[in-house]
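Below is one structure, written out as structure tokens; comments come after it.
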Amino acid sequence: MQKLIFTCLAILLFASNANTQTVTQWRGADRRGVYNESNLLKSWPAEGPQLLWSTDQVGNGYGSPAVTTDRLYITGEKDSLAYLFAYDLKGALLWKTDFGKEWTKTYGGSRSTPTIVDNLIYVCSGMGNLACLDAKTGAKKWSVNFKNDLHGKLPMFGFSESPLIEGEKVFLTPGGKDTSVVAINRFNGKMIWVCKGNGEAPAYNSPIMIKLPARQVLITFTAYAMLGVDAKTGELLWSHEQVNTPLDKREPGNGDTHSNSAWYENGFIYYIAGDGNCAVKLELSKDGKQVKQLWRNPLIDNFMGGFIKIDNRIYTCTNNRRDLKCLDANTGQCIDSLKLGIGTIIMADKKLYYYNQKGDISLVAPDADKMKLISTFKITKGSAEHFSHPVIANGVYYLRHGKALMAYKIK
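Taking my numbering, the leading residue of the sequence shown gets 27, the next gets one more, and so forth.
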């Protein structure tokens, strides 16, 4: 009897801890790019807000930083190795740990953002090395390789997934023929379930989790489909095809880049896949087992800049037109645009922060029918492409440009 009581208490304790996890991850809470900040600057001087500190020692890469109450973590490539760097919030390096080989081919460098759950950090390299590290010391707890251990398929531009954690599970998309999506135990790296999916390669996507009364549904992309997977069992619930690329034209590098995480709200899934169906709104059934397409806008070809939904408006960039668009979330129709170039977008304190591929950072007011450009400044540090997604934490705007990391005071 005592053993039974102890077991029940242990289960209840684990469930309680799982429900109260403190998670810091890619694009903030729910992976939406919306940061819970207030009293931020309403405008900036021409030279931009105050630069608190910067460093050029974070290695090559594009991955965003992950910021906690007292530390900042970021991945980077040095001498072909993948490193996790830990800084205090004044810019002092605390430690660095390598966790395997990093991607050094086309657009070489780190891709993913660390996921921090309580005292553990989960990082993934472009070569598919997933590691669990101690957040205080950087000591490695365990590691697995997408290709060697999970039988995944290395995509043309390297693995670019930021690990998703829910409860005891780490959810990943190695993209193998029989291991399209997997869940592994976050404490020891052991396999929990495998979903074959469509047997397609990964699509550079970081998944989201939808929590319904009936089940939790993992939403991710493979090369030519969005998948809905039962997070408990690994059952493939549905597959939503990306129809823009004909079957006989489907090959690595052609129509298989779907880097934007989806957005779920009030029974609807919104996604923007510039290399796929472009901007789409789906209705998800109450049990999570089916989706129905409500609209599609094939002109919204955002590949990897993220998007923001505010009430009945969606804000996103376009690649061909090189602008920032505002869409009606009910119809998908364009309402307004600003000629700001291709870029990444986040939101805080009711303002949009837009970072374009020329290094311009713009502050935009997202009024319902007309966007207003408030301020713009250009960053001068770093090199290589301006692909990284910024982060806002505790009144500071953090931005990575290649080997450079900058912290701007915006409060």
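For every residue, glycine included, the Cβ atom is placed at its ideal position computed from N, Cα and C. All of these numbers come straight from a predicted model, not from anything done at the bench.
Cβ separation of residue i and residue j, assumed to be a contact under 8 Å, to the nearest whole Å
{"i": "Phe-125", "j": "Ser-106", "result": "Contact flag wrong, Cβ pair sits at about 13 Å."}
{"i": "Asn-286", "j": "Asn-328", "result": "6 Å"}
{"i": "Ile-418", "j": "Glu-63", "result": "6 Å"}
{"i": "Tyr-61", "j": "Ile-336", "result": "With a Cβ gap of about 13 Å, Tyr-61 and Ile-336 do not count as contacting."}
{"i": "Trp-129", "j": "Gly-193", "result": "About 30 Å; that fails the 8 Å criterion."}
{"i": "Lys-351", "j": "Thr-357", "result": "Rounded, the Cβ-Cβ distance is 13 Å, inconsistent with contact."}
{"i": "Lys-365", "j": "Asp-349", "result": "5 Å"}
{"i": "Asp-395", "j": "Ile-361", "result": "6 Å"}
Best match in the options for proximity to residue i [C-alpha to C-alpha]
{"i": "Lys-173", "options": "Pro-228, Lys-162, Val-196", "result": "Pro-228"}
{"i": "Met-397", "options": "Ser-363, Leu-77, Glu-291", "result": "Ser-363"}
{"i": "Tyr-261", "options": "Val-243, Arg-276, Glu-277, Glu-267", "result": "One point to set straight first is that residue 261 is Glu, not Tyr, in the sequence displayed. Out of Val-243, Arg-276, Glu-277, Glu-267, Val-243 has the C-alpha closest to the C-alpha of Glu-261."}
{"i": "Val-149", "options": "Pro-91, Ser-388, Leu-389, Lys-384", "result": "Pro-91"}
{"i": "Val-306", "options": "Lys-127, Asp-313, Val-317", "result": "Val-317"}
{"i": "Tyr-250", "options": "Leu-263, Ala-240, Asp-282, Ile-236", "result": "Asp-282"}
{"i": "Asn-231", "options": "Arg-53, Tyr-434, Leu-325", "result": "Arg-53"}
{"i": "Thr-141", "options": "Met-153, Cys-158, Arg-58", "result": "Cys-158"}
{"i": "Leu-77", "options": "Ile-234, Phe-413, Lys-404", "result": "Lys-404"}
{"i": "Val-170", "options": "Gly-154, Lys-179, Asp-160", "result": "Gly-154"}
{"i": "Gly-314", "options": "Pro-239, Cys-352, Ala-374", "result": "Pro-239"}
{"i": "Tyr-423", "options": "Tyr-381, Asp-393, Ala-391", "result": "Tyr-381"}
{"i": "Asp-389", "options": "Leu-378, Gly-332, Asn-323", "result": "In the sequence as presented, Asp is not what sits at residue 389; that position holds Leu. Of Leu-378, Gly-332, Asn-323, the residue nearest in Cα terms is Leu-378."}
{"i": "His-412", "options": "Ala-433, Thr-402, Asp-395, Ile-368", "result": "Ile-368"}
{"i": "Gly-135", "options": "Ala-410, Asp-354, His-415, Pro-416", "result": "Ala-410"}
{"i": "Ala-55", "options": "Asp-395, Tyr-297, Tyr-296, Tyr-290", "result": "Tyr-290"}
{"i": "His-266", "options": "Asn-292, Pro-233, Phe-247, Ile-218", "result": "Phe-247"}
Residue i versus residue j: straight-line alpha-carbon distance, rounded
{"i": "Ala-209", "j": "Ile-400", "result": "44 Å"}
{"i": "Gly-421", "j": "Leu-67", "result": "9 Å"}
{"i": "Val-93", "j": "Leu-253", "result": "30 Å"}
{"i": "Gly-300", "j": "Ile-334", "result": "15 Å"}
{"i": "Thr-344", "j": "Asn-303", "result": "13 Å"}
{"i": "Arg-426", "j": "Asn-270", "result": "33 Å"}
{"i": "Phe-40", "j": "Gln-47", "result": "A caution first: Phe-40 carries a pLDDT of 45, below 50, which makes its placement in the model unreliable, though a value can still be read off. Approximately 11 Å, taken between the alpha carbons."}
{"i": "Leu-263", "j": "Ile-191", "result": "20 Å"}
{"i": "Tyr-88", "j": "Ser-188", "result": "12 Å"}
{"i": "Asn-211", "j": "Trp-70", "result": "45 Å"}
{"i": "Lys-195", "j": "Ala-72", "result": "46 Å"}
{"i": "Glu-277", "j": "Asp-375", "result": "42 Å"}
{"i": "Lys-407", "j": "Ser-186", "result": "24 Å"}
{"i": "Asp-96", "j": "Ala-161", "result": "11 Å"}
{"i": "His-177", "j": "Pro-75", "result": "47 Å"}
{"i": "Asn-214", "j": "Gly-201", "result": "21 Å"}
{"i": "Cys-221", "j": "Met-235", "result": "16 Å"}
{"i": "Arg-347", "j": "Lys-179", "result": "33 Å"}
{"i": "Asn-43", "j": "Asp-144", "result": "For Asn-43, the predicted structure reports a pLDDT of 44, less than 50, and the residue's modelled location is therefore unreliable. A value from the coordinates is still provided. Taking the straight line joining both Cα atoms gives about 10 Å."}
{"i": "Leu-35", "j": "Gly-279", "result": "Caution applies to Leu-35, whose pLDDT of 40 falls short of 50 and renders its modelled position unreliable; the value that the coordinates give is listed next. Approximately 51 Å, taken between the alpha carbons."}
{"i": "Gln-319", "j": "Ala-355", "result": "13 Å"}
{"i": "Gly-428", "j": "Lys-312", "result": "43 Å"}
{"i": "Ile-31", "j": "Gly-117", "result": "With a pLDDT of only 44 at Ile-31, under 50, the local geometry of the prediction cannot be trusted, and the value read off the model is given with reservation. Those two C-alpha atoms are separated by around 48 Å."}
{"i": "Lys-237", "j": "Arg-322", "result": "25 Å"}
{"i": "Phe-294", "j": "Trp-121", "result": "42 Å"}
{"i": "Thr-123", "j": "Ile-100", "result": "11 Å"}
{"i": "Leu-325", "j": "Lys-384", "result": "22 Å"}
{"i": "Pro-181", "j": "Gly-332", "result": "21 Å"}
{"i": "Arg-57", "j": "Glu-309", "result": "20 Å"}
Opening and closing residue of the beta strand (DSSP E) in which residue i lies
{"i": "Gly-293", "result": "Segment: none, Gly-293 is in no beta strand (DSSP E) and carries neither H nor E."}
{"i": "Val-243", "result": "242-248"}
{"i": "His-266", "result": "262-267"}
{"i": "Ala-391", "result": "386-392"}
{"i": "Ser-80", "result": "76-81"}
{"i": "Val-196", "result": "195-198"}
{"i": "Arg-348", "result": "Unbroken run through Arg-348: none, as it is neither H nor E."}
{"i": "Ala-355", "result": "Unbroken run through Ala-355: none, as it is neither H nor E."}
{"i": "Asn-286", "result": "Looking at the DSSP string, Asn-286 is not in any beta strand (DSSP E), and its letter there is neither H nor E."}
{"i": "Asn-145", "result": "Unbroken run through Asn-145: none, as it is neither H nor E."}
{"i": "Met-252", "result": "251-256"}
{"i": "Phe-213", "result": "That residue, Phe-213, is in no beta strand (DSSP E); it is neither H nor E in DSSP."}
{"i": "Phe-333", "result": "333-336"}
{"i": "Met-153", "result": "Per DSSP, Met-153 belongs to no beta strand (DSSP E) and is neither H nor E."}
{"i": "Val-84", "result": "Taken as a continuous stretch (DSSP letters only), Val-84 belongs to no beta strand (DSSP E), as it is neither H nor E."}
{"i": "Glu-192", "result": "190-192"}
{"i": "Arg-57", "result": "Note, Arg-57: premise wrong, no beta strand (DSSP E); not H, not E."}
{"i": "Phe-403", "result": "397-404"}
{"i": "Phe-111", "result": "107-114"}
{"i": "Gln-319", "result": "317-323"}
{"i": "Tyr-424", "result": "422-427"}
{"i": "Trp-168", "result": "166-171"}
C-beta atoms of residue i and residue j nearer than 8 Å
{"i": "Ser-80", "j": "Ala-430", "result": "yes"}
{"i": "Leu-98", "j": "Leu-119", "result": "no"}
{"i": "Gly-85", "j": "Tyr-113", "result": "no"}
{"i": "Asn-65", "j": "Lys-437", "result": "yes"}
{"i": "Ile-245", "j": "Ala-288", "result": "yes"}
{"i": "Lys-167", "j": "Leu-146", "result": "yes"}
{"i": "Thr-132", "j": "Gln-51", "result": "no"}
Residue i at chain B interface by Cβ criterion, 8 Å
{"i": "Leu-98", "result": "Of the protein chains in this structure there is only one, and it is not chain B."}
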